[in-house]
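> Numbering (this note's numbering), first residue to last: 11 to 601. Got a structure for you, questions after.
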Amino acid sequence: MSRSFQDKVLSEILPRVQKPGQYAGGEWNVIVKDPTSVDLRFALAFPDTYAIGMSHLGLKILYHMINAREDVSAERVFAPWTDMEEELRKRTLPLFSLESFTPLSDFDVIGFSMQYELCFTNVLNMLELGGVPLLASDRALGDPIVLAGGSLSLAMEPMAPFFDAVLVGDAEDVLGDILDAIIDWKRSSLPRRALQEKLAHLPGIYIPSFYEVSYRDDGTIARIRNIEPAPAKVRKTTTADIENAPFPTRPIVPNVEVVHDRINIEIMRGCPNLCRFCQAVQHYRPVKYRSIEKILSLCEETYSNTGYEEISLTSLSTADYPGIENLIAAIDYQFNSRKVNVSLPSLRVGEQLRKLPNLTSSVRKAGLTMAPEAATDRLREVIGKPIRNIDLLEGCAAAYRAGYRLIKFYFLIGCPTETEADLKALVDLINEASLLRKKISGKRAQINASISSHIPKPHTPFQWEKMNTREELWAKQEYLLSRKKSSQLRFKFHDVDVSYLEAVFSRGDRRLAAALLKARERGIRMDAWRECFDIQAWEEVFRETNLDPDFYALRGRKTDEVLPWNMIELEIPSSYLLKEKARALKSVSAP
11 MSRSFQDKVL SEILPRVQKP GQYAGGEWNV IVKDPTSVDL RFALAFPDTY
61 AIGMSHLGLK ILYHMINARE DVSAERVFAP WTDMEEELRK RTLPLFSLES
111 FTPLSDFDVI GFSMQYELCF TNVLNMLELG GVPLLASDRA LGDPIVLAGG
161 SLSLAMEPMA PFFDAVLVGD AEDVLGDILD AIIDWKRSSL PRRALQEKLA
211 HLPGIYIPSF YEVSYRDDGT IARIRNIEPA PAKVRKTTTA DIENAPFPTR
261 PIVPNVEVVH DRINIEIMRG CPNLCRFCQA VQHYRPVKYR SIEKILSLCE
311 ETYSNTGYEE ISLTSLSTAD YPGIENLIAA IDYQFNSRKV NVSLPSLRVG
361 EQLRKLPNLT SSVRKAGLTM APEAATDRLR EVIGKPIRNI DLLEGCAAAY
411 RAGYRLIKFY FLIGCPTETE ADLKALVDLI NEASLLRKKI SGKRAQINAS
461 ISSHIPKPHT PFQWEKMNTR EELWAKQEYL LSRKKSSQLR FKFHDVDVSY
511 LEAVFSRGDR RLAAALLKAR ERGIRMDAWR ECFDIQAWEE VFRETNLDPD
561 FYALRGRKTD EVLPWNMIEL EIPSSYLLKE KARALKSVSA P
């Protein structure tokens, strides 16, 4: 894009929008390449705001990997907030990259990181703002190749018509082959389908247009037929060696505050637990660990290149890292004199929690997070989280003695077999946890309970289960509030309407693309943000497109039903998920 475009953005538009720094680029450690010096220009697109996208480690890894190649450049594009979108549309200006202010349509490849269903509309909005045809079938030879990856790659059929290709699973071991294939195709001037055929032979590549879906009269899927050269099943890719996998030790330091403004070190990938409600466990299987020596090296390099004063040890289940206490002690020894804190996600309930007082002083002690998910031993057996209340409470007591003042619990409501007794036990449990501190220090602890609604997600043992109706979930929330015993017990409920829409799109098929297109016409976007979410607008969209959202969100599935995501194959076969479903309903823990 010309210098005049950049000047117009900086001088005319940014003074009119909130947090203009998120659109200005030029951050510390940013990589800017001469576009004439590379064979391929890749736009890393995150379909949410800069503050969310710049906190995502996966995006940083891809930025590092792509820019490590001399023949390819990677630039970032985020979903603009509503005020910025208004300014762009008012001036008929395109959505642009932060590195070079290049319009989205001028890139060779646009790769979307798909992490949350309620960002689907943002993808369409970004493509439209960038001047890129929304439907893959409408794109011509000169249009960008639109790819997708991320945790939702396991099941996002409502988005199938919009992507040319989807990478299912980890990117590290296959990204180079994808880039090489696109460069070769670009030089050949062959049709877009020729590239798709070549990509279809690579591990983990799903080409949505190479699969035909037929439906029965009752709306269920009759058959999913693959078209050559697409395989009948696309097997998820897995990074073989996380110890030596590329990692960004020179990450971009944002100009404005972001959600996770600190060093993020991935100490392990995956989770050894098999919670039956958790889709992420399936996406990141099998579990892989980095050595303590490698982690310390990554911490040191990243600290030297950024100056951050906090290190977050990230993974799906950081507490399950073997020797986590030794790791924290080693980081403390290396960084405590430099006043660098360590932050931990939720800790495992059990012996580890009782060792809390022995954890190093570098761990911040303002609050502690635990995820029991349910409050009775019986229901936790059902969902595959076999922890005991006695261990949880002993862990809370140890935390109070170690100086913690606040505890945050994560719970799910609406899980299979849940009863009123389970809900009553939830309030009783957090009340008891709060009172424990009074016995130790004379004052109740503040307990923040974050309560989400269970969604039967694809590729989990509960994928065949029905979901609670909105009315049932609202009633459960009211019940919990009615039993609250102290102002020190604080409930934060996930919006039931949001959970409902998430369920529609996470469990849905590609016919829902019509609803997404209609939503784009109506200007619906930023659904993940409370100030933009409008369930009434979505209900009108579903009526106008003759789609029944309850059919997707609430309905239980027969175990022999063809599911929309059946063409995606994971390490865990469907037969195992069926056995786990049966075990769950008998309240037997996963092995």
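We put the CB at the ideal spot given by N, CA and C, even for glycine.
Can you give the Cα-Cα distance for R272 and N265, rounded to whole angstroms?
So the two alpha carbons sit approximately 13 Å from each other.
> DSSP three-state call for R500: helix, strand or coil?
The answer is strand: DSSP assigns R500 an E or B state.
> Out of F472, D116, I465, Y489, state which residue places its alpha-carbon closest to the alpha-carbon of T479.
When only C-alpha atoms are compared, the closest one is I465.
> Along the chain, where does the alpha helix (DSSP H) containing P559 start, and where does it finish?
Segment 559-563, the alpha helix (DSSP H) holding P559.
> For P256, which residues in the same chain have their Cβ closer than 8 Å to its Cβ, ignoring the five residues on either side in sequence?
If we look at P256 and ignore the five residues flanking it on each side, its Cβ neighbours are I71, H74, M75, A78, E182.
> Measuring alpha carbon to alpha carbon, tell me which residue in N236, S219, I338, V156 is nearest I275.
Comparing Cα positions, the closest option is I338.
> Taking buried to mean at least 16 other C-beta atoms within 10 Å of its own C-beta, is P367 buried or exposed?
Caution is warranted here: a pLDDT of 47 is assigned to P367, below 50, making its placement in the model unreliable, and the coordinate value is therefore given only provisionally. That one is exposed.
> Among the residues of its own chain, which have a CB less than 8 Å from the CB of R454, if the five just before and after it don't count?
So the list reads S444, L445, R447, K448, S496, Q498, once near-sequence residues are dropped.
> Taking the alpha-carbon of P213 as reference, which of A240, R235, V184 has the nearest alpha-carbon?
It is V184 whose Cα lies nearest to the Cα of P213.
> By Cβ distance below 7 Å, which residues in the same chain neighbour G63 in space, the five residues on each side in sequence not counted?
The residues are F56, L69, F88.
> Which of the three DSSP states is assigned to P367 in this structure?
Residue confidence is low: P367 scores 47 on pLDDT, short of 50, so the model does not pin down where it sits. Its coordinate-derived value is still stated next. Correct three-state label for P367: helix.
> Any chance you could list the beta strand (DSSP E) runs of at least 3 consecutive residues sitting entirely within the region 152-207, in chain order?
Correct list: 155-159, 175-177.
> Note down, one range per segment and in chain order, each alpha helix (DSSP H) of at least 4 residues found wholly within the region 387-435.
You should have 387-393, 399-411.
> Give a yes or no on whether the C-beta atoms belonging to T569 and W474 are separated by under 7 Å.
Yes. Within cutoff.
> With 16 other CB atoms within 10 Å as the buried threshold, where does N132 fall?
The residue in question, N132, is buried, as its Cβ has 16 or more Cβ neighbours within 10 Å.
> CA-CA distance, F469 and A329?
Reading the sequence as shown, one finds His at residue 469 and not Phe. So the two alpha carbons sit approximately 24 Å from each other.
> If you reduce the DSSP assignment to three classes, tell me which class Q487 lands in.
If DSSP states are grouped into helix, strand and coil, Q487 belongs with the helices.
> Whose C-beta lies closer than 7 Å to the C-beta of P559 among residues of the same chain, with five residues either side of it excluded?
Excluding positions up to five away in sequence, the list reads V514, F552.
> Please determine, among Y331, L326, I341, the residue with the shortest C-alpha to C-alpha distance to E320.
Measuring from the Cα of E320, the nearest candidate turns out to be I341.
> Would you call the CB atoms of V82 and V48 closer than 7 Å?
Yes; because the gap between Cβ atoms is below 7 Å, this pair is in contact.
> Taking 7 Å as the threshold (C-beta atoms), are A175 and L157 in contact?
Yes, the Cβ-Cβ distance between L157 and A175 is below 7 Å.
> Please report the residue range of the beta strand (DSSP E) in which E335 lies.
Run containing E335: none in the beta strand (DSSP E); it sits in the alpha helix (DSSP H), 334-345.
> Might you give, ordered along the chain, the residues of its own chain that have their beta carbon closer than 7 Å to the beta carbon of T370, omitting 5 neighbours on each side?
Reliability of the predicted coordinates at T370 is poor, the pLDDT of 48 falling under 50, and no value is obtained from them.
> Rounded to whole angstroms, what is the Cα-Cα separation between P113 and S14?
For P113 and S14, the distance between alpha carbons rounds to 13 Å.
> Taking L439 as the reference, give the member of L490, R51, L595, D227 with the closest Cα.
Comparing Cα-Cα distances from L439 to each of L490, R51, L595, D227, the minimum goes to L490.
> Nearest to G159 by CA position, among M124, L128, M136, is which residue?
Comparing Cα positions, the closest option is M124.
> Is V119 closer than 7 Å to F52 when the C-beta atoms are compared?
Yes, these two residues count as a Cβ contact at 7 Å.
> Counting only runs that start and end within the region 259-320, where is the beta strand (DSSP E) found for 3 or more residues in a row?
273-276, all fully within the region 259-320.
> In the DSSP assignment, the beta strand (DSSP E) including A84 goes from what residue to what residue?
First-last of the beta strand (DSSP E) with A84: 82-88.
> Where do the ends of the alpha helix (DSSP H) carrying T131 lie?
Looking at the DSSP string, the run of the alpha helix (DSSP H) that includes T131 is 130-139.
> Among A290, D93, T230, R197, which has the Cα closest to the Cα of E541?
Closest option to E541, Cα to Cα, is D93.
> Helix, strand or coil: which one does DSSP assign to Y126?
In this structure, Y126 counts as coil in the three-state DSSP scheme.
> Whose CA, out of V42, A165, S163, S161, lies closest to the CA of S107?
For S107, the nearest C-alpha among the options comes from V42.
> For L587, report the span of its alpha helix (DSSP H) as first-last.
Per DSSP, L587 belongs to the alpha helix (DSSP H) from 584-595.
> Looking at the structure shown, is L573 part of a helix, part of a strand, or coil, going by DSSP?
L573: coil per DSSP, three-state reduction.
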